[in-house]
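Below is one structure, written out as structure tokens; comments come after it.
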Amino acid sequence: MKLLLIEDNPAMQATLQRTFERRGVQVVTCDDGSRALDRWRASTPDVVLLDLSLPGLDGLQVLERARAEGLRTPVLILTARGTVGDRILGLNTGADDYLPKPFDLDELDARIRALVRRAPGAAETTDFCGLRVDADSGAVWHRGEPLELAPREAAMLRALLQRPGQAVAKDRLFDAVFAGETDVQAEAIEVVAYRVRKKLAGTAAQLVTLRGLGYLLKASDG
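Note that the numbering used here has the sequence shown beginning at 124, numbered continuously upward.
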């Protein structure tokens, strides 16, 4: 499961990221409302945890614009604004659940997992050229056998399998592979692509570099 955490409080963000990663959740973070939509589009999360008080854009504005764009990811609003009116406004804007601060971490975890289970297509897996992404674990399988992939390789292949046969921009893949990492050079994505290409040898899928566009996962010619 991949969670997009949009929270500007450093202590809260660090606590939630550490807690969920220990529970096997991949966490992508963002601390600014003006950048939140870009991160949302790039990370293709299973669920979004959204604070309302954000710099740049307010959380409700982020949610309103996301829904207007057709981003249907389940959203749980997490905020100190706990009045009934605030909850109604958040739900009417497009939130799926609402939990006021302070909160219990176990309850938050349970609510997030419930949202993911109820999401349309949550039980579906991607299947392309014998490659399949396990919806629960995020592992990539090939014809019934798990592919041996490093975490970054798996993240890249999952992102490519969401749009097989279509070009995926290099910067979008970079955000998916190096989510939350700030000291990585842009060229590092090429190293991961090289490794994924080698791991796909012997399958019916092929990773193609499209200069100036990004990468494409397609059925191999041979």
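Backbone N, C-alpha and C fix where the C-beta goes; we use that ideal spot for every residue, glycine too. Remember, predicted model here, so these are calculated numbers, not experimental data.
Checklist entry - Would you report the Cα separation of G182 and E130, rounded to the nearest angstrom? => result Translated into positions along the sequence shown, residue 182 becomes position 59. Translated into positions along the sequence shown, residue 130 becomes position 7. Each residue's Cα considered, the two are about 9 angstroms apart.
Item to check | P346: first and last residue of the uninterrupted alpha helix (DSSP H) it sits in | outcome: Residue 346 falls outside the range modelled here, since the chain spans only 124 to 345, and no answer is possible.
Checklist entry - What number of angstroms, rounded off, separates the C-alpha of L339 from the C-alpha of G325? => result For the purposes of this step, residue 339 is taken as the residue at position 216 of the sequence shown. For the purposes of this step, residue 325 is taken as the residue at position 202 of the sequence shown. Looking at the two C-alpha atoms, the distance is approximately 17 angstroms.
Item to check | DSSP state of A137 mapped onto helix, strand, coil | outcome: As a working mapping, residue 137 is identified with position 14 in the sequence shown. Of the three classes helix, strand and coil, the one that applies to A137 here is helix, per DSSP.
Checklist entry - Name the DSSP beta bridge partners of V151, please? => result Translated into positions along the sequence shown, residue 151 becomes position 28. In the DSSP output, where bridge partners are listed per residue, V151 has L127.
Item to check | Beta-carbon contacts of M135 that lie in its chain and below 6 angstroms, excluding the five residues immediately before and after | outcome: Walking along the sequence shown from the start, residue 135 turns up at place 12. There are no such residues.
Item to check | is_contact[L296, chain B] using C-beta, thresh 9 angstroms | outcome: The displayed structure is made up of one protein chain only, and chain B is not part of it.
Next on the checklist: So, at 6 angstroms on beta carbons, what are the nonlocal neighbours of P287 in its own chain, with the 5 sequence-adjacent residues on each side left out?
Outcome noted: Along the sequence shown, read from residue 1 onward, the residue named residue 287 stands at position 164. F251 and L340.
Checklist entry - From this set, V307, A165 and D257, which residue's C-alpha is nearest E268's C-alpha? => result Indexing the sequence shown from 1 puts residue 268 at position 145. For the residues V307, A165 and D257, the minimum Cα distance to E268 belongs to D257.
Checklist entry - Taking the C-alpha atoms as reference points, what is the distance between T332 and E313? => result Residue 332 sits at position 209 when you count from the first residue of the sequence shown. Residue 313 sits at position 190 when you count from the first residue of the sequence shown. So the alpha carbons of these two residues sit roughly 9 angstroms apart.
Item to check | Contact under 9 angstroms by Cβ, L238 with E230 | outcome: To locate residue 238, count along the sequence shown from 1; it is residue 115. To locate residue 230, count along the sequence shown from 1; it is residue 107. Remark: C-beta atoms of L238 and E230 do not approach each other more closely than 9 angstroms.
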